[in-house]
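A short write-up of the structure that comes next.
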Amino acid sequence: MTNSKSAFDYGKTYRERALKTLGYGASSTPRGNQKPAPIVTKQGRNAHITDQTGVRFIDYALGYGPLILGHSPACVMDALTHELSLGLRTASIHEGEAELAELLCDTLPCAEISAFVNSGSEANHLALRIARAVTGRNQVIKFRGNYHGWLDSLSFGNDVSSDGPATLGQDTSAAQSLTLLDWGDAKGLAEAITTEHAAVILEPAAINGGCIAPPAGFLEEVRAITKSHGVILIFDEVITGFRLSLGGAQQTYGVTPDIAVIGKAMGAGVPISAVTGSAAAMEPLATGRLLHRGTFNGNPLCVAAAIACIKYLRNNKDWLYDQIDSMAEDLRSHLSLAAAEQGIVLSASRVGSALQVFVNTPQVQSLADTALVDRKATAAFAEELLIRNVQIIPRGLMYLSAAHNDADIEETKAAMTAAISAIK
Ligand code: PMP
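Numbering (the numbering used here), first residue to last: 307 to 730.
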């Protein structure tokens, strides 16, 4: 462990400077909330980031999820370097686009036709548009506590305790085309769904709410109910795609949606997301009846990185997923044990290699339970970890990567024990 003080001093000074000209001092509001100060990164290698003053942190934020191969994996850096040597070729037709679409067909059960965009939010926007086009209907069902990005159309009920808009400034009229239901409640869905609905969209595993696996039978029932009403089932696999398994949540849970939205891990850290689905569901896009535009869609750099990442995951799937999942389990059980030993109430949940800790909170079993989370205590725990050179997402979410090793895990466990003791 290195002394992290210089990193925080630097971070505080940087934040004061950035706040003068950069909104909230960071390019995404949650990033501006890191305490005791933002880590101003200089370099990322394997499971570590180094800040501008040379302090090293073990990283479990992993770019908010994408860095499944860790920082700067050789296969992706080589692909990017080669691609750069060819020039940026933005908005051109290039063979990588078809190659990447073919790779999705080889790996994801639902994939027949794909389209590429730059972010998970955009991909969900496009998926809804396709669902509306193919059904000729307008209404959409979303579940409370699921997150689908920052766009107005889906940013309601992101928190289980409010059906309201996620932020100031949102177009609240978009709520008129949304029906909000409880995630995990198939009976509620069966009662609410009508032939006015174009789509049901959900996180197949509720990673954003608290790393909660789908209740037994839920996804199967959602599949059957949507099918019988001619409603398009969209799995938002922005997190779970290429992270839960090579074939994502749809492979892990054995339920195939009409359309899946894939993001984060598919690109190993570059901005790329995909909408992929059956030829029938994707027909309006496949035939060009539906407008899908975007200067940077499918740009060669991002496509090259995604191809390299997916090939690496495919070639190493036999050990990689077991390894990252068991490291996550090791940390999860350590957290539970250390908290019990020190008399702290703590919830630690895991889905695959995603791990959620809530401090001063009884074990969360369902999304509804997250209404009881002590967010302040959880943020304080994240802060204590950062002081001990371990970075997690401040709301208590962590990801594992293929680059974490046993030494990282042991160092992290020691930091976790000490951080729990510090917040007692
Ligand atoms: N869907 C899910 C499930 C996500 O977790 C996120 C991002 N955390 C998004 C969509 C939005 O993706 P992006 O931030 O790339 O727009």
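A virtual CB, placed ideally from N, CA and C, is assigned to each residue, including glycine.
Nearest-angstrom Cβ-Cβ length linking residue i and residue j, presumed shorter than 8 Å
i	j	result
tyrosine 705	alanine 660	6 Å
alanine 571	glycine 547	6 Å
valine 561	arginine 529	5 Å
glycine 634	proline 372	Position check: residue 634 holds alanine in this sequence, whereas glycine was assumed. No, alanine 634 and proline 372 are not in contact; Cβ-Cβ is about 16 Å, not under 8 Å.
alanine 505	valine 537	6 Å
leucine 432	alanine 421	6 Å
phenylalanine 314	glutamine 697	Not a contact, Cβ separation roughly 12 Å.
leucine 484	phenylalanine 449	Their Cβ separation, rounded to whole angstroms, is 11 Å, which puts leucine 484 and phenylalanine 449 out of contact at 8 Å.
leucine 508	aspartate 542	7 Å
cysteine 416	serine 584	6 Å
glutamine 669	glycine 516	The Cβ separation is near 10 Å, so there is no contact.
proline 577	serine 425	6 Å
alanine 332	proline 342	Not a contact, Cβ separation roughly 15 Å.
alanine 721	arginine 694	4 Å
alanine 612	leucine 375	Their Cβ separation, rounded to whole angstroms, is 12 Å, which puts alanine 612 and leucine 375 out of contact at 8 Å.
lysine 348	glutamine 358	5 Å
asparagine 306	glycine 455	Residue 306 lies beyond the residue range present for the chain, which begins at 307 and ends at 730; the question has no answer from this structure.
leucine 673	isoleucine 518	6 Å
serine 378	glycine 350	6 Å
leucine 591	isoleucine 399	In fact, because the Cβ distance is near 17 Å, the residues do not count as touching under 8 Å.
isoleucine 726	alanine 683	Contact doesn't hold; Cβ gap of about 11 Å is too wide.
Reduced DSSP category for residue i - H, G, I as helix; E, B as strand; rest coil
i	result
asparagine 352	strand
proline 577	coil
proline 471	strand
glycine 583	strand
lysine 448	strand
isoleucine 513	helix
isoleucine 540	strand
glycine 482	Looking at the sequence itself, residue 482 is glutamine, so the reference to glycine does not match. Residue state, collapsed to three classes: helix.
histidine 640	helix
serine 655	strand
serine 420	strand
glutamine 669	coil
aspartate 564	coil
phenylalanine 602	coil
phenylalanine 664	strand
isoleucine 507	strand
isoleucine 281	Outside the shown range of the chain, which is 307 to 730, sits residue 281, and nothing can be said about it.
isoleucine 518	strand
leucine 487	strand
aspartate 465	strand
glutamate 322	helix
glycine 442	coil
tyrosine 618	helix
tyrosine 330	helix
glutamine 556	helix
Pairwise C-alpha distance: residue j and residue i
i	j	result
phenylalanine 664	leucine 487	24 Å
leucine 414	serine 632	23 Å
alanine 614	glutamate 389	11 Å
alanine 566	glutamate 647	42 Å
asparagine 622	aspartate 384	18 Å
leucine 692	glutamate 589	48 Å
alanine 724	leucine 394	47 Å
alanine 437	serine 459	14 Å
proline 606	valine 657	32 Å
arginine 638	alanine 654	6 Å
threonine 387	glycine 402	15 Å
threonine 532	leucine 539	6 Å
aspartate 365	alanine 713	13 Å
glycine 594	alanine 496	33 Å
histidine 640	threonine 327	42 Å
serine 468	tyrosine 453	13 Å
glutamate 502	cysteine 608	37 Å
proline 510	glutamine 629	22 Å
serine 312	lysine 318	10 Å
asparagine 444	glycine 494	20 Å
glutamate 690	asparagine 711	22 Å
leucine 525	alanine 481	24 Å
isoleucine 513	proline 700	15 Å
tyrosine 316	alanine 324	12 Å
glycine 649	valine 466	28 Å
- Can you give, in chain order, each stretch of the beta strand (DSSP E) that sits fully within the segment 678-719 and has at least 3 residues? 703-705
Subject >> Complete beta strand (DSSP E) runs within the segment 332-390 (minimum length 3 residues, chain order) >> reply: 347-351, 354-357 and 362-365
Exercise. Can you give, in chain order, each stretch of the alpha helix (DSSP H) that sits fully within the segment 388-417 and has at least 4 residues?
Worked result: 401-413
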